[in-house]
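S.K.:
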Amino acid sequence: MKALSDCRVLVTPTSFGKQDPRLPELLHESVGEVIGNPLGRPLRSEELRDILPGYDGYIAGQDHIDANALSRADSLRVIARYGVGVDRVDLAAAQARGIIVTNTPGANADAVAELTIGFMLALARQIPYANQRTRRGEWPRLSGVSLAGSVVGLLGLGAIGQAVARRLRAFDCILLAQDPFVSSDQAQQLGVQLIDLDALLARADFLSLHLPATAETLGLVNVDFLASMKRGTYLINTARGELVDEAALFQALQSGHLRGAALDTFSQEPPAADNPLFRLPQVIATPHTGAHTAGAVNAMGWGALNDCLAVLRGEPPAHRVV
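At position 306 of the sequence shown the residue is numbered 541 (the numbering used here), and the sequence of numbers has no breaks.
This is the structure in structure tokens:
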């Protein structure tokens, strides 16, 4: 096995080490060569295919790591995901090539939960719209919605969903959730009632998505799903853009069936400037920024770095996916 000091490591997350310079310092001290993201954005499959040959370790951002991307990865031993999601990693292809995949569960839960709460408040009080009109010299009388007494539905009650629930208890909301992997006792400790999906959609005033992108959840929020939601509901997505049929969402918003939406993720990232959703004033859009706080970035950085180095040393990583 190659010595750690002879290993080459590719690092594609552009925020890696921005908040804590010790991260890149330790990586450079530990391995033979470190190469950063050559394009400054998530890398496509064909780009990775040409870049990965000769690398032993890979600290990966939101790159598209499919079988084609890994087809020429002749030395790669570890893909350390900088974040929790592994939906853009072909786990079967990695496993077939003997590549260990790790992630950083829980590292960004608080950060994404805080953005989710911010979205709810911004939608409820029309903050972006009020700001724009006031800056134009107008003085509109806008009617908002109170979170107190509102029904908030959480679709997914993992680490992020639970962090959202803990924060919302202070707002005196009625908290409902759907998650087959969480027990009633766990939910009850958070002040959350578990119900089935149909009941959740029928009752929620705010519906917040906290699901991974899997074969079962891709395109989940489609025409039928949206039609089942209570009229006047707000939709929040800080999870994965692939969960939502954006054309169906546009129609639901334009018709007035949904009152508003806040989206941190899109099916195509970055989304096209002419995305129809951007024409709607009741839509808030941000650039997949949920995990980008100093605390979350550092936690993801240290988690990914430690697991990458552990595998390259021949040790078991803390958070192995496959």
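Ideal Cβ placement from N, Cα and C applies to all residues, glycine included. Just so it is clear, the structure is predicted and the values come from calculations on it, not from any experiment.
Compute the beta-carbon to beta-carbon distance between R560 and A295, rounded to the nearest angstrom, for a pair I have assumed lies under 8 Å.
M.R.: Residue 560 is absent from the model: the chain starts at 236 and stops at 557.
S.K.: In the DSSP assignment, what residue or residues form a beta bridge with G271?
M.R.: Residue mapping note: residue 271 aligns to position 36 of the sequence shown, counting from 1. In the DSSP output, where bridge partners are listed per residue, G271 has V246.
S.K.: Roughly how many whole angstroms lie between the Cα atoms of A483 and S378?
M.R.: Counting from 1 along the sequence shown, the entry for residue 483 is found at position 248. Counting from 1 along the sequence shown, the entry for residue 378 is found at position 143. Spanning the two alpha carbons is a distance of roughly 27 Å.
S.K.: Which residues bound the beta strand (DSSP E) around G388?
M.R.: By 1-based counting over the sequence shown, the position of residue 388 is 153. Start and end: 386-390.
S.K.: Looking at D325 and the ligand SAH, is the gap between the Cβ and the nearest heavy atom below 6 Å?
M.R.: This structure lacks the ligand SAH; in fact it carries no ligand of any kind.
S.K.: Going by beta carbon distance, what residues of the same chain come within less than 6 Å of A328, once the five residues before and after it are set aside?
M.R.: Locating residue 328 in the sequence shown gives position 93, counting from the first residue. So the qualifying residues of the chain are A302, L305.
S.K.: Helix, strand or coil: how does DSSP classify A497 here?
M.R.: Here residue 497 is taken as the residue at index 262 of the sequence shown, counted from 1. Residue state, collapsed to three classes: strand.
S.K.: May I ask you to verify whether the segment 406-419 touches the segment 378-396, counting CB pairs closer than 8 Å and requiring at least 3?
M.R.: A contact exists between the segment 406-419 and the segment 378-396.
S.K.: With distances taken Cα to Cα, identify the nearest neighbour of T528 among F251, V246, M236, A508.
M.R.: One-based indexing of the sequence shown puts residue 528 at position 293. The shortest C-alpha separation from T528 is found at F251.
S.K.: So, with DSSP's three-state summary, where would you put N472?
M.R.: The residue given as residue 472 occupies position 237 in the sequence shown. Strand, per DSSP.
S.K.: Taking just the CA atoms, how far does A400 sit from P530?
M.R.: Position 295 of the sequence shown, counted from the first residue, corresponds to residue 530. Position 165 of the sequence shown, counted from the first residue, corresponds to residue 400. In the sequence as displayed, the identity of residue 530 is Gly instead of Pro. Their Cα atoms are separated by approximately 20 Å.
S.K.: Considering only C-alpha positions, which residue in the set T452, G353, A437, T369 is nearest to Q403?
M.R.: Counting from one through the sequence shown, the residue named residue 403 turns up at place 168. Here residue 403 is Leu; the residue named in the question, Gln, does not match the sequence. Of the candidates T452, G353, A437, T369, the one whose C-alpha sits nearest the C-alpha of L403 is G353.
S.K.: Runs of 3 residues minimum, wholly inside the segment 292-357: which ones carry the beta strand (DSSP E) assignment?
M.R.: Runs of the beta strand (DSSP E) inside the segment 292-357: 292-295, 313-316, 335-337.
S.K.: Whose CA, out of L488, N338, F460, H492, lies closest to the CA of R466?
M.R.: Here residue 466 refers to the residue found at position 231 when the sequence shown is read from its first residue. Of the listed residues, the one whose Cα sits closest to R466 is H492.
S.K.: Once the 5 residues before and after R555 are set aside, which same chain residues still bring their CB inside 7 Å of it?
M.R.: Your numbering for residue 555 matches position 320 in the sequence shown. Answer for R555: I335, T337, listed in chain order.
S.K.: In angstroms, rounded to a whole number, what distance separates the CA positions of D407 and E373?
M.R.: Counting from 1 along the sequence shown, the entry for residue 407 is found at position 172. Counting from 1 along the sequence shown, the entry for residue 373 is found at position 138. Computed Cα separation, rounded: 33 Å.
S.K.: Quick one: using the 10 Å Cβ neighbour count with 16 as the cut-off for buried, is M355 buried or exposed?
M.R.: Here residue 355 corresponds to residue number 120 of the sequence shown, with the count starting at 1. Classification of M355: buried, given that the 10 Å Cβ count is 16 or more.
S.K.: Looking only at its own chain, which residues have a Cβ that is under 7 Å from the Cβ of L283, when we skip the five neighbours before and after it?
M.R.: Position 48 of the sequence shown holds residue 283. The residues are D298, I300, A304.
S.K.: Buried or exposed for G292, please, with buried defined as at least 16 other CB atoms from any protein chain shown within 10 angstroms of its CB.
M.R.: Along the sequence shown, one-based indexing puts residue 292 at 57. That one is buried.
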